[in-house]
Structures are given as structure tokens and as C-alpha cells.
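Colleague: Here it is: the structure, laid out below.
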Amino acid sequence: MTDEVPKGSEPETSESLRAFGEVVKVFRRRAVLTQEQFAPRVGYSVPTVASIEQGRRLPSKEFVERAEEVLDAFGALKAAAKHLTRKAGLAKWFEGWAELEPLAVTLYTYENRLVPGLLQTSAYARTLFEEQIPAMGDDKIESNLVRRMERARILTERAETIFSFIIEEHVLRRQVGGPEAMREQIDHILAISGRRNIDIQVMPQSRGYHAGLGGPLRLLETKENTWYAYCEGQETGQLILDPKVVSILHQRYARMRAQALSVEASVSLLREIRGAL
Numbered sequence: 008m009t010d011e012v013p014k015g016s017e018p019e020t021s022e023s024l025r026a027f028g029e030v031v032k033v034f035r036r037r038a039v040l041t042q043e044q045f046a047p048r049v050g051y052s053v054p055t056v057a058s059i060e061q062g063r064r065l066p067s068k069e070f071v072e073r074a075e076e077v078l079d080a081f082g083a084l085k086a087a088a089k090h091l092t093r094k095a096g097l098a099k100w101f102e103g104w105a106e107l108e109p110l111a112v113t114l115y116t117y118e119n120r121l122v123p124g125l126l127q128t129s130a131y132a133r134t135l136f137e138e139q140i141p142a143m144g145d146d147k148i149e150s151n152l153v154r155r156m157e158r159a160r161i162l163t164e165r166a167e168t169i170f171s172f173i174i175e176e177h178v179l180r181r182q183v184g185g186p187e188a189m190r191e192q193i194d195h196i197l198a199i200s201g202r203r204n205i206d207i208q209v210m211p212q213s214r215g216y217h218a219g220l221g222g223p224l225r226l227l228e229t230k231e232n233t234w235y236a237y238c239e240g241q242e243t244g245q246l247i248l249d250p251k252v253v254s255i256l257h258q259r260y261a262r263m264r265a266q267a268l269s270v271e272a273s274v275s276l277l278r279e280i281r282g283a284l
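Right under this line is the structure:
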């Protein structure tokens, strides 16, 4: 598989990435190694090495450690890596929202396409990455998977943050990855729903019109009591800062919470769906 990434799927570069790439290049040349000679020694492809040296790709922890050893870099690469600012596995249109997530004291998510990323299991997420079009290389799949699992840690590490999820029933019935993967996925959602700061509601298929038919929606509140919204489509996303627009979306989400099944009824339906798999 290729290591090339579809246009628009990688976040933009940063000064820290370019600086790190230059440091790698200097030490590689000091070791009198071409990219073609260096790549197999660290276990990565030549295009991946080139992307890192050009500051277009965030190096994995494994790359930093292997490069440090192969190039005998006196700890310079590890030190430089501590200052990298771009997040691996994030599309550029999502990066702004991802930076806000860890700051949230309240985080609301409505999804009508797939299980929200923060709730996805590794098997579910891997299926999404492996089946994505255009196809991803193995390295990209792994970096995306690591990043997604790291993001999900806020559900267990931020006990004082209030999380609310509304998920369409058909999303939970779609067997992404097959029955076994979906059983694991629903078990995970059920386990997460038991946490006192997390509410998970299902929007039933029997519900006709509801306030979320305009598409997926996320809202979050920071400790300064500032609200932000985020809406996403195919190959695009919009971080919304305008208080008037955020207010409208907040009203829609509030209505959806009333239109969806209660938390208790949602748990019952999840167990029913799980049992039918």
C-alpha cells in the first residue's frame, strides 16, 4: 500500500514540524545516508521519510525513537519532538475543533451517519479507515487509529466534563465491521453510558421529523462559558464561532434531547439491538 494521503485529509504543516524535519535531514546527512538507505533502517517507507523531512507529516513516537537510535542523534530528535504541534490523524478542517475538545466542560454530539468518534471501538474505527476512499496506506491507518483512541480518553479522564450523545437508531443497526464488531461496539457504548457524567440517547426510527435533520452537530462549552459549534460534511467541516448561529444550533440540540428516547429507554433499545446481532 502507498503512504500517500488524499489531498485535504492531512492538517496543514507548522513551523515545529518543518524544524523537526530539518533536524532529521541534518542528522541523516551527517550519517551519510540517503532517504532510500535511511527508510528501511527505521522501518518506514521512503515517501513517509520524505514527508517528515518536509514537515508535512507528524512523526510517530516509534519513528522518533528509531531515528534517534539509527542516527545517533544525541537526544536531539527526542527533544525536538516534544515541541511538535500538529496532531496526527486529523483532517485540517477538524483540527480546530479537536484542540477545543480537551478544554470542554460540556460537550454535546448528534450523529446520523456513524458512531461518534469519541465512542468508537478500535475495531469499528479500523473498519472505517480501511474502507475509506481514496484508500489509505497502512501507516496512515495506524496513525489515525492511535489518534482516535487517544481522543476518546477524554471520556474517562474528564470526570467533571458533561457529555451528551444523541445517535440515530439506524446507525446502531448498521453492521460496520460485521456482527462481532458491532456487538463489541454496543457493549462499549453501554459501558460508557454507565458513567455519571455521560448521557447517551437514541433517536428512534419511529420518530418522524426532528430538529436534527439538517445534519450532524457538535456543541461544546469552555470553562470561560463560551460555546462553540461544529458541523461536518464530506471532505469539509466548519467550526462555528458566531454566537447567534451557535445559539440556533443549541436550541435544535435541546429540542432533540426531548425528541430522542430517554437515557433509560435508550439503554433498553441498545440491549435489544445487541441481542439481535
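Residue numbers for the sequence shown follow our numbering, so the first one is 8 and each next one is one higher. Ideal Cβ positions, reconstructed from N, Cα and C, are used throughout, including at glycine.
1) Report yes if the C-beta distance between residue 177 and residue 128 is below 9 Å; otherwise report no.
2) Threshold first: 4 residues or longer. Then list the alpha helix (DSSP H) segments lying entirely within the segment 109–149, N to C.
3) Nearest to residue 33 by CA position, among 278, 201, 84, is which residue?
4) How would you write the range of the alpha helix (DSSP H) that residue 237 sits in, first residue to last?
5) Could you spell out the range, first to last residue, of the alpha helix (DSSP H) harbouring residue 33?
6) Got a sec, what are the start and stop residues for the beta strand (DSSP E) residue 209 sits in?
7) So, do the segment 221–236 and the segment 105–114 have three or more beta carbon pairs nearer to each other than 8 Å?
8) Considering only the beta carbon of each residue, do residue 116 and residue 225 sit closer than 9 Å?
9) Residue range of the beta strand (DSSP E) that residue 175 falls in?
10) Compute the beta-carbon to beta-carbon distance between residue 207 and residue 269, rounded to the nearest angstrom, for a pair I have assumed lies under 8 Å.
11) Name the residue from 266, 153, 172 whose alpha carbon lies nearest to the alpha carbon of residue 205.
12) Would you identify the three-state DSSP class for residue 44, choosing helix, strand or coil?
13) CB-CB under 6 Å to residue 234, same chain, minus the five flanking residues each way: which ones, in chain order?
14) Tell me which residues share the same chain as residue 11 and place their Cβ nearer than 6 Å to its Cβ, disregarding the 5 neighbours each side in the sequence.
15) Assign residue 27 to buried or exposed, taking buried as 16 or more other Cβ atoms, counted over all protein chains shown, within 10 Å of its Cβ.
16) Skipping 5 residues on each side, what residues in its chain have a beta carbon closer than 6 Å to that of residue 158?
17) When you compare only the Cα positions, how much space is there between residue 81 and residue 150?
18) Thinking C-beta only, is residue 277 closer than 9 Å to residue 182?
19) Please report the distance separating the alpha-carbon of residue 163 from that of residue 123.
20) From 244, 143, 255, pick the residue whose C-alpha is nearest to that of residue 103; which is it?
21) Looking only at its own chain, which residues have a Cβ that is under 7 Å from the Cβ of residue 60, when we skip the five neighbours before and after it?
22) How is residue 182 classed by DSSP in three states: helix, strand or coil?
23) If you follow the alpha helix (DSSP H) that residue 63 is in, where does it begin and where does it stop?
24) Rounded to whole angstroms, what's the CA-CA distance from residue 218 to residue 78? Just pull it up for me.
25) Rounding to the nearest angstrom, what Cα-Cα distance links residue 167 and residue 57 in this structure?
26) Could you tell me which of 170, 139, 264, 65 sits nearest to residue 22, measuring between CA atoms?
Modeller: A quick look at the data gives this:
1) As a working note, residue 177 is residue 170 in the sequence shown. As a working note, residue 128 is residue 121 in the sequence shown. For residue 177 and residue 128, no; Cβs fall outside 9 Å.
2) For the segment 109–149, whole alpha helix (DSSP H) runs of length 4 or above, ordered along the chain, are 129–137.
3) Within the sequence shown, residue 33 is the residue found at index 26, counting from 1. The candidate whose alpha carbon is nearest that of residue 33 is 84.
4) To locate residue 237, count along the sequence shown from 1; it is residue 230. First-last for residue 237: 234–240, but that is the beta strand (DSSP E), not the alpha helix (DSSP H).
5) In the sequence shown, the residue the question calls residue 33 occupies position 26. Boundaries of the alpha helix (DSSP H) around residue 33: 22–37.
6) Against the sequence shown, residue 209 aligns to sequence position 202. First-last of the beta strand (DSSP E) with residue 209: 205–210.
7) Contact between the segment 221–236 and the segment 105–114 is present, because at least three Cβ pairs lie under 8 Å.
8) Locating residue 116 in the sequence shown gives position 109, counting from the first residue. Locating residue 225 in the sequence shown gives position 218, counting from the first residue. For residue 116 and residue 225, yes; Cβs fall inside 9 Å.
9) Translated into the one-based positions of the sequence shown, residue 175 becomes position 168. DSSP places residue 175 inside the beta strand (DSSP E), whose first and last residues are 169–175.
10) By one-based count along the sequence shown, residue 207 stands at place 200. By one-based count along the sequence shown, residue 269 stands at place 262. About 11 Å separates the two Cβ atoms, so there is no contact after all.
11) Here residue 205 is taken as the residue at index 198 of the sequence shown, counted from 1. Comparing Cα positions, the closest option is 172.
12) Here residue 44 corresponds to residue number 37 of the sequence shown, with the count starting at 1. Judged by DSSP in its simplified three-state form, residue 44 adopts helix.
13) Within the sequence shown, the letter at position 227 stands for residue 234. Only residues of its own chain outside the window of five on either side were considered, and among them 228, 253 have a CB closer than 6 Å to the CB of residue 234, listed in chain order.
14) Position 4 of the sequence shown holds residue 11. Its pLDDT being 34, under 50, residue 11 is placed unreliably by the model, and nothing is read from it.
15) Locating residue 27 in the sequence shown gives position 20, counting from the first residue. Residue 27 comes out buried.
16) To locate residue 158, count along the sequence shown from 1; it is residue 151. Here the set comprises nothing.
17) Here residue 81 refers to the residue found at position 74 when the sequence shown is read from its first residue. Here residue 150 refers to the residue found at position 143 when the sequence shown is read from its first residue. One C-alpha to the other measures close to 26 Å.
18) Here residue 182 refers to the residue found at position 175 when the sequence shown is read from its first residue. Here residue 277 refers to the residue found at position 270 when the sequence shown is read from its first residue. For the 9 Å CB-CB criterion, residue 182 and residue 277 do not form a contact.
19) Position 156 of the sequence shown, counted from the start, is the residue given in the question as residue 163. Position 116 of the sequence shown, counted from the start, is the residue given in the question as residue 123. A direct Cα-to-Cα measurement between residue 163 and residue 123 gives close to 16 Å.
20) Against the sequence shown, residue 103 aligns to sequence position 96. Proximity to residue 103 across 244, 143, 255 peaks at 244, based on C-alpha coordinates.
21) Start at 1 with the first residue of the sequence shown, and residue 60 comes out as number 53. 28, 31, 32.
22) Working through the sequence shown from its first residue, we reach residue 182 at position 175. Three-state DSSP puts residue 182 in coil, outside helix and strand.
23) Position 56 of the sequence shown, counting from 1, holds the residue named residue 63. Where residue 63 is concerned, there is no enclosing alpha helix (DSSP H), because DSSP gives it neither an H nor an E.
24) On the sequence shown, position 211 is the one that residue 218 refers to. On the sequence shown, position 71 is the one that residue 78 refers to. Going by C-alpha positions, residue 218 is about 57 Å away from residue 78.
25) Counting from one through the sequence shown, the residue named residue 167 turns up at place 160. Counting from one through the sequence shown, the residue named residue 57 turns up at place 50. Approximately 42 Å between the Cα atoms of the pair.
26) Taking the sequence shown and counting its residues from 1, the one referred to as residue 22 is at position 15. The shortest Cα separation from residue 22 among 170, 139, 264, 65 belongs to 65.
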